[in-house]
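Visitor:
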Amino acid sequence: MNFQGKRALIIEDEEEIREILNFYLQNEGLEVEEASSGEEGIQRAQKANFDFVVTDLSMPGMKGEKVIEILKTMPGVGKIVVSTGSLKFEESLVDGTLFKPFNKDDVIAMLNKLFS
79 MNFQGKRALI IEDEEEIREI LNFYLQNEGL EVEEASSGEE GIQRAQKANF
129 DFVVTDLSMP GMKGEKVIEI LKTMPGVGKI VVSTGSLKFE ESLVDGTLFK
179 PFNKDDVIAM LNKLFS
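All the letters of the sequence shown, read from the start, carry residue numbers 79 to 194 under the numbering used here.
(1) Run through the stretch 143–176 for me and flag every whole beta strand (DSSP E) of 3 or more residues, listed as ranges in chain order.
(2) Can you tell me whether DSSP reads LEU99 as helix, strand or coil?
(3) Rounded to the nearest angstrom, what separates LYS178 and ALA113 at their Cα positions?
(4) Quick check on LEU189: does DSSP put it in helix, strand or coil?
(5) According to DSSP, which residues form a beta bridge with LEU87?
(6) Taking the straight line between their C-alpha atoms, what separation do you get for SER161 and LEU103?
(7) In this structure, how does DSSP classify LYS182 when only helix, strand and coil are distinguished?
(8) With distance defined between alpha-carbon atoms, name the residue in ILE146, GLY156, ASN127 and GLN124 nearest to THR32.
(9) DSSP three-state call for LYS141: helix, strand or coil?
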């Protein structure tokens, strides 16, 4: 599947995870922006449209659940994927889940599911 022209926003407080996910997504042809906090992610989503957003659940400051709640009200945000190490999350709130630790195949499978 071709993901050229798709835009993604990564909201993740852990720099290493942000960088890995960014690398995987860019290798699939996506344009990617990053935010290191929920607050920064919301600000970026207010200024640009994204085909999908990957957000962490456990972050300092604004928690992932609140980020998801706000993102769902924003017309410029497409699909929402949560990145988590926890199995205690209501998956029906989002369009997909990326369980940590994840690898490139997990990311590609998630993209195919979102855009098929």
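From the three backbone atoms N, C-alpha and C, an ideal C-beta is built for every residue, glycine too.
Guide: Working from what's here:
(1) Qualifying beta strand (DSSP E) stretches, in chain order: 155–162.
(2) When DSSP states are grouped into helix, strand and coil, LEU99 belongs to the helix group.
(3) Roughly 18 Å between the two C-alpha positions.
(4) LEU189 falls in the helix class under three-state DSSP.
(5) According to DSSP, LEU87 bridges with GLU111 and VAL131.
(6) The straight-line gap from Cα to Cα measures roughly 14 Å.
(7) In the displayed model, LYS182 falls within a helix according to three-state DSSP.
(8) Given that the chain is displayed from residue 79 to residue 194, the structure contains no residue 32 and the question cannot be resolved.
(9) Coil at LYS141, not helix or strand.
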